[in-house]
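Undergrad: Take 545 as the starting number for the sequence shown in my numbering and just add one per residue.
Where a beta carbon is used, it is the ideal one built from N, C-alpha and C, also for glycine.
Can you read through this structure? Questions will come right after.
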Amino acid sequence: MNMKFLGFMAVLSVVGMANAATSRSSMYQSINMQNAEGDTIRINRSSSESYHDDYAPRYTQHRVSRAGAYDGIETYRSQRAEQPMVAKDTYVKGKTYKKTMKRKYFIANPFYQPLQGQFGSVTTGEYLEGKYRFENDTGAVDRKLGEWSIKEDLSFGLTDRIALQGMAKYNKDKLTWKDVDTGGTDVYKNKGLNVYGLGLQGRIVDTNDWIATVSGYYEHQKHGVDYFIADLKAGYKVATSTIYGLLRGWAVNMEGDYYGDYMADDTTWAMLVYGESKDTLWMGEAGLGVWTVLAEDWTLNLEGLYGAYDWHNQFSIKGAFGWQPNDYFALNLYAKTSLYDSADGKVKDLHMGNLPITAADFMDPSQIFPVKLSKNREWSVGLQVMFQF
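Structure below.
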């Protein structure tokens, strides 16, 4: 199979669209108290309600870890509604306890959502690479897509429970088809502001133990593809960690178009078709994750995700380290890779013909060649710069 091609059909990135929503988080707060003997007691809790300066934090027994004996927790808890928590307050119950508090808000938490009148910004720089081989009895071609992108997710708190979200993505792509036997290579390059969208997110639950958000948003791709996405995420708080699950589904308006890889040179064209002509594609994802505070300024997020993407399914894992020196700025370094993809072993149709392309040529059975996919792999690395203001 010796082909010279040029071109790329932009519907390839449907799998990545689920990442368009802004990262979300809740509050993490650490309180250190010291008794007369110098013993330190540290209380940790997570709650986005702690944004409010006049909020008196609520404690439960299982969130207390102690370096020494402390018998005043019940009395301390009983005073929470009467006395606001401010730095260097003094509480007296037989003994004097000196307390200091540092407010800590982790923007990289998966449940982040700005409160009323606040902005949240996540700027993501990412490199993504996807590979597979397609072949039949006449030859084999290695396909590789490399993409550099920068994406801005901006959210604004309409109320303490509802936030407006907007996003835009600029990407620079390089698609390569390489003939395995001859080494001949065909390349297509594309760049531009290709995706933008708008949506709403609501924080429907936020207690000492549970948190949940629901989102709905619309995204548009430059080549006329529309995405309608719904997202539900729920987590259980355990000390300084949140264990969560997520469900995400979206409809892609294809308007009856085929989609796949397309290449052409001066005289010939070829298209590897992923999906047949449909008005709407339905896709979904389900996942489990854990977000935890490693140290005062450091966080870790691990997530496993299973996705059903129309013509194939994929399981992937993602890990992210976050660093946040203050309440308003954070960096998040992440990596993601697929571990399984059902595309391996699937047979797809490769349509080929001479230019100019016509509908009759595209559907001509003599110009359609079944090929088998193998060695499917996708991975990405990225850096997120986050601001709360």
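(1) Suppose you measure from the CA of leucine 672 to the CA of glycine 851; what does that come to, to the nearest Å?
(2) At which residues does the beta strand (DSSP E) containing alanine 852 begin and terminate?
(3) To the nearest angstrom, how far is it from the Cα of isoleucine 912 to the Cα of aspartate 893?
(4) Would you list the residues sitting across from arginine 792 in a DSSP beta bridge?
(5) What does DSSP give as the partner residue(s) for alanine 839 in the beta ladder?
(6) At which residues does the alpha helix (DSSP H) containing methionine 798 begin and terminate?
(7) Taking Cβ to Cβ, would you say valine 666 is nearer than 8 Å to glutamine 868?
(8) Quick one: using the 10 Å Cβ neighbour count with 16 as the cut-off for buried, is phenylalanine 663 buried or exposed?
(9) State the Cα-Cα distance for the pair serine 886 and lysine 675, rounded to the nearest angstrom.
(10) Can you tell me which of Phe655, Asp681 and Gly728 puts its alpha carbon nearest to the alpha carbon of arginine 687?
(11) Can you tell me whether phenylalanine 650 is helix, strand or coil according to DSSP?
(12) Does the distance from the CB of alanine 652 to the CB of glycine 866 come in under 8 Å?
(13) Hey, how far is the Cα of glycine 848 from the Cα of threonine 757?
(14) Give a yes or no on contact between the region 732-745 and the region 709-722, applying the rule of three or more CB pairs nearer than 8 Å.
(15) Check the DSSP bridge columns for threonine 668 and list the partner residues they point to.
(16) Exposed or buried, which one is asparagine 870 when buried takes at least 16 other CB atoms within 10 Å?
(17) Could you tell me if proline 909 is buried or exposed, where buried requires 16 or more neighbouring beta carbons within 10 angstroms of its beta carbon?
(18) Any contact of the region 795-802 with the region 816-826, i.e. 3+ C-beta pairs under 8 Å?
(19) Applying the 10 Å Cβ sphere with the 16-neighbour rule, what's the burial state of phenylalanine 933?
(20) Which one or two residues does DSSP pair with asparagine 876 in a beta bridge?
(21) According to DSSP, which residues form a beta bridge with glycine 661?
(22) Can you check which of these residues, Glu691, Trp835 and Ala795, is closest to methionine 827 by C-alpha distance?
(23) Is glycine 793 near alanine 778, with beta carbons less than 8 Å apart?
(24) Please identify the residue among Leu702, Ile755, His764 and Gly690 whose C-alpha is closest to the C-alpha of tyrosine 732.
(25) For a test of the three-state rule: what should DSSP assign to phenylalanine 913, helix, strand or coil?
(26) In three-state terms, what does DSSP make of glutamate 906?
(27) Is DSSP giving serine 785 helix, strand or coil here?
(28) Report buried or exposed for glutamate 829, applying the criterion of at least 16 other Cβ atoms within 10 angstroms of its Cβ.
(29) Looking only at its chain, what residues have a beta carbon closer than 7 Å to the beta carbon of leucine 883, apart from the 5 residues adjacent to it on each side?
(30) Let me confirm a value: proline 914 is counted as buried when at least 16 other C-beta atoms fall within 10 Å, else exposed. Which label applies?
(31) State the beta-bridge partners of lysine 822 as determined by DSSP.
(32) Since I believe aspartate 704 is in contact with leucine 776 (beta carbons under 8 Å), could you give me their beta-carbon distance rounded to a whole number of angstroms?
(33) Return the CA-CA distance between arginine 921 and glycine 661, expressed in angstroms with no decimal places.
(34) By the DSSP assignment, the beta strand (DSSP E) with glutamate 719 in it spans what residues?
(35) Should methionine 815 and tryptophan 721 be called a contact, given that it needs their Cβ atoms to be closer than 8 Å?
(36) Confirm, please, whether the CB-CB distance from aspartate 750 to tyrosine 780 is below 8 Å.
TA: Working from what's here:
(1) 17 Å
(2) 842-853
(3) 6 Å
(4) Paired residues: Asp775 and Glu829.
(5) Trp842
(6) First-last for methionine 798: undefined, no H or E at that position.
(7) no
(8) exposed
(9) 14 Å
(10) Gly728
(11) Phenylalanine 650: coil per DSSP, three-state reduction.
(12) In this structure, glycine 866 lies closer than 8 Å to alanine 652 by Cβ.
(13) 19 Å
(14) yes
(15) DSSP lists Lys695 and Gln928 as the beta-bridge partner residues of threonine 668.
(16) exposed
(17) exposed
(18) yes
(19) exposed
(20) Gly866 and Gln928
(21) Note: glycine 661 sits in no beta bridge, so no partner.
(22) Taking each of Glu691, Trp835 and Ala795 in turn and checking the Cα distance to methionine 827, the smallest one comes out for Ala795.
(23) Taking 8 Å as the Cβ cut-off, glycine 793 and alanine 778 do not qualify as a contacting pair.
(24) Gly690
(25) Note: phenylalanine 913 maps to strand in three-state DSSP.
(26) In the sequence as displayed, the identity of residue 906 is phenylalanine instead of glutamate. Note: phenylalanine 906 maps to helix in three-state DSSP.
(27) Per DSSP, reduced to three states, the secondary structure at serine 785 is strand.
(28) With 16 or more Cβ atoms within 10 Å of its Cβ, glutamate 829 is classed as buried.
(29) For leucine 883, same chain residues with a beta-carbon under 7 Å away, outside a window of 5 residues either side, are Phe859, Ser860 and Ile861 in chain order.
(30) exposed
(31) Lysine 822 is not bridged to any residue.
(32) At roughly 20 Å, the Cβ-Cβ gap does not stay under 8 Å, so leucine 776 and aspartate 704 are not in contact.
(33) C-alpha separation (whole angstroms): 42 Å.
(34) The question names glutamate, but residue 719 in the sequence shown is leucine. That run of the beta strand (DSSP E) goes 706-723.
(35) no
(36) no
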